[in-house]
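Visitor: So that we are looking at the same thing, I have put the structure below in structure tokens.
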Amino acid sequence: MKNFPFKEICFICTANECRSPMAEKIFAHILKQNGVKGLKVSSAGLAATGQIEMTLKAKRALKTLGINAGAKKSQQLTKLNPTTLYITMEQMHKNAINKENVLTFASIVGGEDIFDPYGQSQESYNKTAAQINYYCLRLFEKIKKNEK
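Numbering (this note's numbering), first residue to last: 38 to 185.
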């Protein structure tokens with residue numbers, strides 16, 4: 038990842054309890070599987086109240102992908118770092134931040150915004166995790182392709 042211009046990727050959603058922490062764990066897992074070091078992965082929420090655990094259904098959804106959720110507490114996005122690429126789950130999140138180093142997942146990989154499963158069934162969480170996994174794989178492929 039020598040030519041990648043960012044030192045960190047931070048995934049953004051609303052409360053940092055479901056989508057963005059799942060994206061953080063999934064992308065970190067992909068990096069680890071591919072032996073990539075030196076790129077930090079994190080997540081935050083625009084309206085996170087802080088110190089709330091990832092939802093149980095999000096943890097279960099990660100488990101269906103073979104990923105251990107581990108410990109993850111929500112954190113609010115308070116400041117932007119120019120060496121971080123911020124990837125939002127929805128266009129509204131990007132619009133709220135409105136900076137050059139903030140992109141939507143859909144704009145990077147092509148597709149739709151990532152549905153918020155909060156308060157929905159386990160099946161909804163599993164579908165969202167599968168979509169995030171697909172987007173993370175596409176993101177990794179795009180970054181890797183630009184390395185060549």
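Glycine included, every Cβ here is placed at the ideal spot set by N, Cα and C.
1. Three-state secondary structure (DSSP) at K77?
2. Count the C-beta pairs between the region 40-47 and the region 108-120 that are closer than 8 Å, then say yes if the count reaches three, no if not.
3. Closest to A166 by CA distance: which of E178, K62 and N40 is it?
4. Considering just the uninterrupted stretch of the alpha helix (DSSP H) at F64, what are its terminal residues?
5. In whole angstroms, give me the CA-to-CA distance for L174 and L76.
6. Taking the alpha carbon of I180 as the point to measure from, which residue in N53, A60 and I145 has its own alpha carbon closest?
7. My assumption, with CB atoms under 8 Å, is that I196 sits in contact with F177. Please give the rounded CB distance.
8. Does E149 come out as helix, strand or coil in the three-state DSSP assignment?
9. Kindly indicate if chain B contains any beta-carbon less than 7 Å away from that of P42.
10. According to DSSP, is Q168 helix, strand or coil?
11. Is the CB-CB distance between S79 and N53 below 7 Å?
12. Using 8 Å as the Cβ pair cut-off and three pairs as the minimum, do the region 87-100 and the region 148-165 touch?
13. Going by alpha carbons, who is nearest to T101 out of N163, Q168 and Y172?
14. For T121 versus L83, is the C-beta spacing smaller than 7 Å?
15. I need the straight-line Cα distance from Y172 to F142, nearest angstrom please.
Guide: Let me lay it out:
1. Strand at K77.
2. In this structure the region 40-47 touches the region 108-120; the number of beta carbon pairs closer than 8 Å is three or more.
3. Comparing Cα-Cα distances from A166 to each of E178, K62 and N40, the minimum goes to K62.
4. Run containing F64: R56 to Q70, per the alpha helix (DSSP H) assignment.
5. Going from the Cα of L174 to the Cα of L76 covers about 15 Å.
6. The residue among N53, A60 and I145 with its C-alpha nearest the C-alpha of I180 is I145.
7. Not covered by the structure: residue 196. The range shown for the chain is 38 to 185.
8. E149 carries a coil assignment under DSSP once its states are collapsed to helix, strand and coil.
9. No chain B is present in this structure, which holds just one protein chain.
10. Q168 carries a helical assignment under DSSP once its states are collapsed to helix, strand and coil.
11. It is not a contact, given that the beta carbons lie outside the stated cut-off.
12. The answer is yes - the region 148-165 touches the region 87-100, with three or more Cβ pairs under 8 Å.
13. Selected option, being the one with the closest Cα: N163.
14. No, the pair does not count as a contact, with Cβ atoms beyond the cut-off.
15. Approximately 7 Å between the Cα atoms of the pair.
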